[in-house]
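Inspection log for the structure reproduced underneath, given as structure tokens.
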Amino acid sequence: MKRILVTGGAGFVGSHLCERLLHEGNEVICMDNYFTGKKHKILHLLNHPYFEMIRHDVTMPYFIEVDEIYNLACPASPVHYQYNPIKTVKTSVMGAINMLGLAKRTKAKILQASTSEVYGDPVVHPQPESYWGHVNPIGIRSCYDEGKRCAESLFVNYHAQNNVRIKIIRIFNTYGPKMEPDDGRVVSNFIVQALQGQDITIFGDGKQTRSFQYVSDLVEGMIRMMNTGDDFTGPVNIGNPGEFTMLELAKNIIDLTDSKSKIIHLPLPSDDPTQRQPDITLAKEKLNGWEPIVPLREGLIKTIDYFENLLSEK
Ligand code: NAD
Ligand code: UDP
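Position one of the sequence shown corresponds to residue 1 (full-length UniProt numbering), numbered consecutively onward.
If you want it as structure tokens, here you go:
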């Protein structure tokens, strides 16, 4: 039995990951400061004999003995990461230093949840891992993008200098059940708006694209990456290459919810990337043929179901 630490474990992705790791017979320690995470996402795990919850902020060091660390702690929605941008940088950078220090002392393997945002507003399309990106270092998204880029640098340097066993994945837009209704990201916003008959808020003309991955495909990719040999550190893209405009996403959601909501256009936030699509050649090669298996409409149906239940409870 492995003892595994998941930072950000009470968040959207982290809660799915904790569930899956427990299910596979591991001991799981979930660490979170509840900035965007919620106890209700992990409540059903609290009685599990091999699950523990620690309220702790990753910007502070922590001492514990573990075999593996999944470092997910960091707000991921623009609304939340821009709320306190200095704290966002500290979470990515000091959080990486503290968790890498822990990995160094315990000789644990450590996986960093990096992001497609390291590519910024990409001029290479689709994005392979070899692309260095196009990020505005002083823009409103930089606290997140540059924080994650610095964390990648820390990871590769702890590997080179201290032989820490690292894994870096670059996650592309992921959605699914257990997102919060007020998360602020596009899929949850559109679904909640459609279900409540509110206007669907498209930022800009809606022609910008994203490639949406269902959460179970991400969790599968994360675990496969953690289980690769020590010689493969990544970074590796984990995302679904199916690319859609925000207009197409809105229409799909209106259609699937049978909603009467109207589409309205609001100003596009600055530095909003115009296009995004992962090249997953490397992931397929290194992660035993891993590729996403849940198509957008199927994933949306499950997510709509989740929000329908959640909103009817309120
Ligand atoms: P989320 O906001 O639901 O989860 C983040 C979790 O980290 C929350 O539980 C939050 O409370 C916790 N956290 C934040 N700051 C912390 C701190 N200082 N100390 C301890 N805990 C802290 O977001 P998510 O979608 O679950 O994202 C999880 C990770 O995956 C993040 O690192 C994010 O950058 C990365 N990621 C996600 C996506 C996506 O589309 N979901 C895409 C790219 C990368
Ligand atoms: N977006 C939108 N309406 C919303 C929320 C987001 O049109 O209510 C757009 C946003 O401008 C961006 C895309 O949807 O172009 C994805 O936004 P999200 O915040 O989900 O992720 P990110 O921009 O970080 O990829």
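Note that CB positions come from ideal geometry on N, CA and C, so glycine has one too. The model shown is predicted, which means the values in this text are computed figures rather than measured ones.
Secondary structure at D32: strand, using DSSP grouped into helix, strand and coil.
The nearest non-hydrogen atom of the ligand NAD is less than 6 Å from the C-beta of Y34. Secondary structure of E180 (DSSP, three-state): coil. For L287, the closest of Q196, L268, G234 and P278 by C-alpha to C-alpha distance is G234. Between the ligand UDP and the CB of Q208, the shortest heavy atom gap is smaller than 6 Å. DSSP places V236 in the uninterrupted beta strand (DSSP E) bounded by V236 to I238.
Beta-bridge partners assigned by DSSP to T201: I264. When the five nearest sequence neighbours on each side are left out, the beta carbons in the same chain lying within less than 6 Å of the beta carbon of R165 are those of K109 and D230, in order along the chain. Distance check between G176 and each of K38, G9 and I304 places I304 closest, using alpha-carbon atoms only. Look at V6 here: in three-state DSSP terms it is strand. Taking a contact to require three or more Cβ pairs closer than 8 Å, the region 40-48 and the region 146-154 do not qualify as touching.
Secondary structure in the region 108-132: the beta strand (DSSP E) runs of 3 residues or longer, each lying completely within the stretch, are 109-115 in chain order. Only residues of its own chain outside the window of five on either side were considered, and among them H16, G176 and V294 have a CB closer than 8 Å to the CB of S216, listed in chain order.
Put simply, of G9, G11 and L21 the residue whose alpha carbon is nearest the alpha carbon of K2 is L21. Shown here, S211 sits in a strand according to DSSP, grouped into three states. When DSSP states are grouped into helix, strand and coil, M1 belongs to the coil group.
In the three-state DSSP reduction, M60 falls in the coil class, being neither helix nor strand.
Approximately 5 Å separates the beta-carbon atoms of N71 and T7; this is inside 8 Å, confirming the contact.
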